[in-house]
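One structure below.
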Amino acid sequence: MYSASSPYRIITVCTGNICRSPMAELMLTEAFDAGGLGGAVVVDSAGTTSYEAGHPIDPRAARVLSAHRIRSETHIARSWRQEWFQERDLILALDVDHYGWLHEAAPDSQTLAKIRMLRSFDPSVAGRSTLDLGIEDPWYGGHHDFDVTWNLIRAAVPGIVAHTRAALAAGHQGAGQPGRDYDPQQVRSIS
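Counting in numbering that gives the first Met the number 0, the sequence shown runs from 0 upward without gaps.
See the structure below:
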């Protein structure tokens, strides 16, 4: 079972860590808190590049999160660190490029098993190719693109929460423990 000394650790990964991955991080944190798992799960985020390291979240991402009562003002972008492969239980790529980058950088096959596309937890896209599971970078677009990003992430959140809940119920012992299939009925979805 879950131990306070060993929370289940999830990291969301995009390019610069100012749009998609912090949105996913904060949305998941909200969902875990609402589902009573806040103390058992730690979610953070990073970028595959250092272009935006040290910068705050994109104002358009902050606007969407704020519209759903999720605060983002403390987010500071950072780039991926190699040790996180070992220190995280679930590594969620937001787009196909990130997925490929993580696979190339992963040190071993056990680590590869931790890497998933975030949208692979969305039941509406079950069975689709990994190439079809990306979330396009809204940075190049307008407010509508950030709303689309919110909706795509939101659709995967219940599956991620259930996957994590199952891993904890199965006796999560630290980084790398697999989860189980999810039951959307067990998860409160964020609005």
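Heads up, the beta-carbon is just placed ideally off N, CA and C, and yes, glycines get one too.
Quick one: what's residue i bridged to in DSSP?
i          : result
residue 46 : 13, 78
residue 40 : 7
residue 21 : None, per the DSSP bridge assignment.
residue 55 : 75
Are the beta-carbon atoms of residue i and residue j separated by less than 8 Å?
i           : j           : result
residue 33  : residue 10  : no
residue 138 : residue 22  : no
residue 92  : residue 17  : no
residue 134 : residue 114 : no
residue 107 : residue 19  : no
residue 164 : residue 87  : no
residue 78  : residue 110 : no
residue 116 : residue 101 : no
residue 51  : residue 99  : no
residue 31  : residue 147 : no
residue 27  : residue 156 : yes
residue 13  : residue 97  : yes
residue 25  : residue 64  : yes
residue 105 : residue 84  : yes
Every unbroken beta strand (DSSP E) inside the region 60-144 [3 residues or more]: Within the region 60-144, complete beta strand (DSSP E) segments of at least 3 residues are found at 89-92, 114-116, given in chain order.
Check whether the region 141-149 touches the region 69-77, counting contact only when three or more Cβ pairs, one atom from each stretch, lie closer than 8 Å. Too few Cβ pairs lie closer than 8 Å, so no.
Taking 8 Å as the threshold, find out whether the region 120-131 comes into contact with the region 24-43 through three or more Cβ pairs. They do not touch, by the three-pair rule.
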